[in-house]
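Asks:
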Amino acid sequence: MRRCCTWRLGSQVLLMALLCPAAAEAAGADPEPFQEPEHEHRLEWRYRRADVWEYSGTALVAGLYAAVEFGVPVKDEPGWTGGILFDDSARDAFRLKSRAGRQRAADWSDATTLLTQVQVVLDGVLTPVLGDSWNFDAAWQVSFINIQAMTLTGLFARAGHRFIGRRRPSVEECRKDPDYIEVCPVAENSGFPGGHTAAAFAAASLVCAHHGAFDWYGSELADDATCVLGLGLATASSFLRLSTDRHYLSDNIVGALLGAGIGYGLPNLLHYSHPLSVESGDGLARGGVLPLVTDTSLGVQGLGYF
1305 MRRCCTWRLG SQVLLMALLC PAAAEAAGAD PEPFQEPEHE HRLEWRYRRA
1355 DVWEYSGTAL VAGLYAAVEF GVPVKDEPGW TGGILFDDSA RDAFRLKSRA
1405 GRQRAADWSD ATTLLTQVQV VLDGVLTPVL GDSWNFDAAW QVSFINIQAM
1455 TLTGLFARAG HRFIGRRRPS VEECRKDPDY IEVCPVAENS GFPGGHTAAA
1505 FAAASLVCAH HGAFDWYGSE LADDATCVLG LGLATASSFL RLSTDRHYLS
1555 DNIVGALLGA GIGYGLPNLL HYSHPLSVES GDGLARGGVL PLVTDTSLGV
1605 QGLGYF
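The opening position of the sequence shown corresponds to residue 1305 in our numbering, with each subsequent residue numbered one higher.
(1) In terms of DSSP beta bridges, what is residue 1579 paired with?
(2) For residue 1288, which three-state DSSP category applies?
(3) With DSSP collapsed to three states, give me the class of residue 1470.
(4) Would you call residue 1492 buried or exposed, if buried means 16 or more other Cβ atoms sit within 10 Å of its Cβ?
(5) Can you list, in chain order, the residues of its chain whose CB lies under 8 Å from that of residue 1578, leaving out five sequence neighbours each side?
(6) What three-state label does DSSP hand residue 1482 in the structure shown?
(7) Taking residue 1428 as the reference, which of 1371, 1347, 1461 has the closest Cα?
(8) Considering residue 1550, what are the terminal residues of the alpha helix (DSSP H) in which it resides?
(9) Residue 1541: buried (16+ other C-beta within 10 angstroms of its C-beta) or exposed?
(10) So what's residue 1489 in DSSP terms, helix, strand or just coil?
(11) Where does residue 1499 sit, in a helix, a strand or coil, going by DSSP?
(12) My guess is that residue 1552 and residue 1495 are in contact by the Cβ rule of under 8 Å, so how many angstroms apart are they, rounded?
(13) How about the segment 1497-1516 and the segment 1371-1381: do they share at least three Cβ pairs that are nearer than 8 Å?
(14) Is it right to say residue 1482 is buried, meaning 16 or more other beta carbons lie within 10 angstroms of its own, or is it exposed?
(15) Report the option in 1548, 1574, 1560, 1533 whose CA atom is closest to the CA atom of residue 1423.
Here it is as structure tokens:
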């Protein structure tokens, strides 16, 4: 019996020596805390990256958007007329009474909507490239997310215009007075959903999503202020569209929900809800098999970072 015990003890010592030469020191030493490697950029991409399926899906959405935009004509006859719920009272409250006022509101609504688009595009490109040592990787990942969201928003909004064909509230007034607003004869049956509102809220919500996922400016206050600025511009654009009498309030509510839902939800659903604890060059998590030596056991263990 002693020989058996001696042989077993000897084999364990030999195995320990093969697996872990410093087994005696390792058994009594505390493990060193893991330290992430230093990164070249402040805005290092630490989330799930776009893959071939996303690129293919986005190309498909863009193709469908183009097909609806250029291949489906605006309805000659409306598929939906009149306001619902609070639409008529909101129209009376927000519609400007003078033609000059309505035209100024139309110009400003175009400008505020355009500003939200400029904000999300330039912020996604210039901040990482010029403010983070030419970080083209983060710039591309963010820009592709912007393309995904804006294309999908455009598809849904334009599909509503072409296939639902809600008559704009200004049509009746335009028939009485062709000079009621400058764009009287343009897209009379494309009121639902509010396209300017959808685009503006999509862009603003993308800005909020990016600044929530990264310390974009190195200041939480600056990041929050940028998000609030974008949402403020989008809200202003929506109310200005009501002032021009081009949309009912229900058009813009749906447009805002559509744009904000896609602009904030899509990047979080596909990317920002999937952080990587440890990054490699290809963005994949890493792991390995290591010897396990304690006072009472000997074996191997698997370690990984996900």
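Every residue gets a Cβ at the ideal spot worked out from N, C-alpha and C, and that includes glycine.
Replies: Walking through what the data contain:
(1) 1351
(2) An answer regarding residue 1288 cannot be provided, because it is not within the stretch 1305 to 1610 covered by the chain.
(3) strand
(4) Around the beta-carbon of residue 1492, 16 or more other beta-carbon atoms lie within 10 Å, marking it buried.
(5) 1351, 1352
(6) coil
(7) 1347
(8) Run containing residue 1550: none; DSSP gives neither H nor E here.
(9) buried
(10) coil
(11) helix
(12) 7 Å
(13) no
(14) exposed
(15) 1533
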